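Each number in the working numbering corresponds to the 1-based position in the sequence shown with 533 added.
Each residue gets a CB set at the ideal place from its N, CA and C atoms; glycine is no exception.
A quick note: this is a predicted structure, and the numbers were derived from the prediction, not measured.
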Amino acid sequence: MKVEKLKNKKILILGFGKEGKDTFEFLSKIFPEKTFGIADKNENCRLQIEDCKLKKVKWHLGKNYLRALKNYDVIIKSPAVPIHLPQVERAFKEGKITSQTEIFFENCKGKIVGVTGTKGKSTTASLIYKVLKEGGLNVKLAGNIGKPVLNYLISSKENEIFVYELSSHQLYNLKISPHIAVFLNIYPEHLDYYKDFNEYLMAKANITLWQTKNDFLIYNFRDKNVREIAKKSRAKKIPIKDYSNVLKNIGIKKIPFYGDFYGLNIACAIKVGEIFGIKREKIKKAIEKFKPLPHRLEYVGKFKGIEFFNDSLSTIPQTTIAALNSLGKKVQTLILGGYDRGLDFKELAKKILKRNVKNLILFPTTGEKIWKEILNLAKDNSQLPKSVLVQNMRDAVKVAFEITEKGKICLLSPASPSFGIFRDYKERGDLFKKYVKYYGKRT
Numbered sequence: 534m535k536v537e538k539l540k541n542k543k544i545l546i547l548g549f550g551k552e553g554k555d556t557f558e559f560l561s562k563i564f565p566e567k568t569f570g571i572a573d574k575n576e577n578c579r580l581q582i583e584d585c586k587l588k589k590v591k592w593h594l595g596k597n598y599l600r601a602l603k604n605y606d607v608i609i610k611s612p613a614v615p616i617h618l619p620q621v622e623r624a625f626k627e628g629k630i631t632s633q634t635e636i637f638f639e640n641c642k643g644k645i646v647g648v649t650g651t652k653g654k655s656t657t658a659s660l661i662y663k664v665l666k667e668g669g670l671n672v673k674l675a676g677n678i679g680k681p682v683l684n685y686l687i688s689s690k691e692n693e694i695f696v697y698e699l700s701s702h703q704l705y706n707l708k709i710s711p712h713i714a715v716f717l718n719i720y721p722e723h724l725d726y727y728k729d730f731n732e733y734l735m736a737k738a739n740i741t742l743w744q745t746k747n748d749f750l751i752y753n754f755r756d757k758n759v760r761e762i763a764k765k766s767r768a769k770k771i772p773i774k775d776y777s778n779v780l781k782n783i784g785i786k787k788i789p790f791y792g793d794f795y796g797l798n799i800a801c802a803i804k805v806g807e808i809f810g811i812k813r814e815k816i817k818k819a820i821e822k823f824k825p826l827p828h829r830l831e832y833v834g835k836f837k838g839i840e841f842f843n844d845s846l847s848t849i850p851q852t853t854i855a856a857l858n859s860l861g862k863k864v865q866t867l868i869l870g871g872y873d874r875g876l877d878f879k880e881l882a883k884k885i886l887k888r889n890v891k892n893l894i895l896f897p898t899t900g901e902k903i904w905k906e907i908l909n910l911a912k913d914n915s916q917l918p919k920s921v922l923v924q925n926m927r928d929a930v931k932v933a934f935e936i937t938e939k940g941k942i943c944l945l946s947p948a949s950p951s952f953g954i955f956r957d958y959k960e961r962g963d964l965f966k967k968y969v970k971y972y973g974k975r976t
């Protein structure tokens with residue numbers, strides 16, 4: 534939706550977290566005399582607004598916050614607000630709902646590089662940003678990994694490039710795609726938000742569905758679902774079939790940090806750099822200088838002879854499998870489990886048995902599910918790893934020091950979201966690092 538079309542509309546900001554606040558700040562600058570509605574389940578969210586701006590807001594807070602939807606012409610929905618609440622579904626059917634992402638795409642003067650995938654979005658977006666920056670381009674990092682985007686519109690220029698990390702929630706119902714789309718992978722995820730995996734798939738597909746022949750799609754050819762979506766794209770297609778060859782072409786013989794899965798992220802960044810005409814030596818320099826983001830197979834250090842890795846961002850079984858493949862047979866202790874989104878852990882159980890992981894430290898509730906899968910698959914008790922159920926990270930790390938041998942690896946890679954015990958994956962990973970260092974220094 535074009536910004537000028539909002540001038541005479543009654544506007545409701547639905548959801549007032551980080552993105553909702555950015556939307557309010559932007560609209561307040563564009564329409565300084567206008568009053569906006571804000572609806573949120575959290576009754577305390579009004580504390581996020583300066584007192585001088587409170588008179589510009591009509592609040593709809595608490596358990597009945599959705600009743601206000603029928604009274605507005607345009608609803609700017611934040612990604613965290615569920616899409617299948619009856620009032621929200623009705624507003625979608627009435628064509629009232631837009632999003633910060635859609636407004637930005639419709640009004641941005643510069644070029645947008647959109648990055649999506651179940652896993653690897655933040656790393657890939659950050660790599661692309663570093664490559665373009667090294668190439669001397671005017672580039673901004675936006676979306677989940679960077680700043681919310683709307684305030685960029687006030688001063689955006691045609692020579693600017695926005696690297697935009699896009700979640701499925703931001704892509705849902707989007708009717709416009711970025712100039713360059715980077716599509717990494719799709720695994721079952723967020724099945725508590727969508728009706729089924731197919732709906733999640735269709736949300737992700739919007740990153741390329743509306744592209745034209747003048748746009749570009751860089752995609753992971755090895756992912757069957759991504760490959761099928763790419764077939765329907767009208768963009769110029771750049772498949773990543775063998776990332777090692779892409780790296781070798783610019784002189785990178787080996788991935789410069791832990792994790793084979795980084796190869797795909799790096800290859801995509803290289804291809805974006807090439808589209809913008811950046812010299813190979815500049816691309817290579819940017820990648821070699823890049824420091825991996827925290828909580829993604831992050832090396833914590835060696836303590837009491839044990840190596841510790843923090844892979845707290847692993848919220849699905851496929852990423853834990855990838856971590857085990859990357860670190861190899863030295864992984865003796867694996868810390869698993871978390872919030873249950875109804876995922877299938879059978880392949881992970883097979884991998885744990887095949888890799889002969891000796892110790893499992895399990896958080897509820899999926900820890901028990903993973904253990905049951907292992908029990909079902911194990912041919913006899915001699916195959917079974919030792920299992921310990923814990924309720925907090927301090928106990929998990931304490932046990933890890935007790936049961937892991939010197940020269941071996943202890944890996945936190947939960948294969949599950951953090952909700953329930955931890956605020957988010959960052960808190961989970963930070964607590965892991967804190968207690969590793971705490972117990973690692975104790976005699």
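Quiz prompt | valine 923 versus proline 897: straight-line alpha-carbon distance, rounded | solution = 8 Å
Quiz item: What do you reckon, are the CB atoms on glycine 643 and serine 689 nearer than 9 Å?
Solution: yes
Quiz item: Since serine 920 is in the beta strand (DSSP E), which residue starts that stretch and which ends it?
Solution: 919 to 922
Practice problem: Taking lysine 737 as the reference, give the member of Asp748, Thr745 and Tyr752 with the closest Cα. | Solution: Tyr752
Quiz item: Among Ala613, Glu693 and Pro565, which residue has its Cα nearest to the Cα of glycine 550?
Solution: Ala613
Quiz prompt | Whole-angstrom C-beta distance between glutamine 851 and isoleucine 942, which should lie under 8 Å | solution = 20 Å between Cβ atoms; not a contact.
Self-check item: Backbone CA spacing between lysine 959 and leucine 539 [nearest angstrom]
Solution: 37 Å
Practice problem: Identify which residue in Ile854, Phe955 and Ser659 has its Cα closest to the Cα of asparagine 798. | Solution: Closest option to asparagine 798, Cα to Cα, is Ser659.
Practice problem: Would you kindly report the start and end of the unbroken alpha helix (DSSP H) that includes leucine 908? | Solution: 899 to 910
Exercise. Just tell me which of Pro615, Ile903, Gly900 and Ala802 has its CA closest to the CA of leucine 724.
Key: Pro615
Quiz prompt | Exposure of arginine 975, with buried meaning 16 or more beta-carbon neighbours within 10 Å | solution = exposed
Exercise. Give every residue of the same chain whose Cβ lies closer than 6 Å to the Cβ of glycine 647, excluding the five residues on either side of it in the sequence, and list them in chain order.
Key: The beta carbon of glycine 647 is closer than 6 Å to those of Tyr697, Leu699, Pro711, Ala714 and Ile740 in its chain, skipping five residues each way along the sequence.
Practice problem: For the alpha helix (DSSP H) containing glutamine 916, list its first residue and its last residue. | Solution: Premise fails: glutamine 916 is in no alpha helix (DSSP H) and is neither H nor E.
Quiz item: Opposite leucine 867 in the DSSP bridges: which residues?
Solution: Leu893 and Leu944
Practice problem: Could you work out which residue in Gly650, Leu917, Thr848 and Lys781 is closest to glutamate 814 when comparing CA atoms only? | Solution: Lys781
Quiz prompt | Whether tyrosine 605 touches lysine 574 by CB criterion (9 Å) | solution = no
Quiz prompt | Proximity winner among Leu908, Lys863, Asp873 and Glu901, relative to lysine 883 (alpha-carbon distances) | solution = Leu908
Quiz prompt | leucine 594 - partner residues in DSSP beta bridges | solution = Asp573
Quiz item: With respect to the beta strand (DSSP E) encompassing glycine 676, which residues constitute its N-terminal and C-terminal limits?
Solution: 671 to 676
Quiz item: Per DSSP, what kind of secondary structure is threonine 631 in: helix, strand or coil?
Solution: strand
Quiz item: From this set, Leu665, Leu547, Arg623 and Lys967, which residue's C-alpha is nearest alanine 572's C-alpha?
Solution: Leu547
Quiz prompt | Local Cβ density within 10 Å of aspartate 729, reported as buried at 16 or more and exposed below that | solution = exposed
Quiz item: From arginine 829 to aspartate 793, what does the alpha carbon distance come to, in whole angstroms?
Solution: 12 Å
Quiz item: What three-state label does DSSP hand glycine 861 in the structure shown?
Solution: helix
Quiz prompt | Exposure of leucine 876, with buried meaning 16 or more beta-carbon neighbours within 10 Å | solution = buried
Quiz item: Do three or more CB pairs link the stretch 667 to 675 to the stretch 617 to 632 at distances below 8 Å?
Solution: no
Quiz prompt | 3 or more residues per run - each beta strand (DSSP E) lying fully within the stretch 808 to 862 | solution = 831 to 836 and 839 to 843
Quiz item: What is the DSSP secondary structure of tyrosine 697, reduced to helix, strand or coil?
Solution: strand
Self-check item: Collapsed DSSP secondary structure at alanine 613 in the structure displayed
Solution: Note: alanine 613 maps to coil in three-state DSSP.
Quiz item: What is the rounded straight-line gap between the Cα of arginine 888 and the Cα of glycine 861?
Solution: 8 Å
Quiz prompt | Cut-off 8 Å between Cβ atoms - residues of its own chain near threonine 937, not counting five sequence neighbours on either side | solution = Ile839, Gln865, Thr866, Asn892 and Cys943
Practice problem: Output the boundary residues of the alpha helix (DSSP H) element that contains valine 646. | Solution: Per DSSP, valine 646 belongs to no alpha helix (DSSP H); it is in the beta strand (DSSP E), 644 to 649.
Quiz item: Would you call threonine 634 buried or exposed, if buried means 16 or more other Cβ atoms sit within 10 Å of its Cβ?
Solution: buried
Quiz prompt | Outcome for threonine 631 when other beta-carbon atoms lying within 10 angstroms are tallied against a minimum of 16 | solution = Answer is buried; the Cβ neighbour count reaches 16.
Practice problem: Flag this pair as yes or no: are the beta carbons of valine 759 and phenylalanine 809 separated by less than 9 Å? | Solution: no
Practice problem: Could you pull out every residue in the same chain whose Cβ sits closer than 6 Å to the Cβ of glycine 784, ignoring the five residues on either side in sequence? | Solution: Lys817
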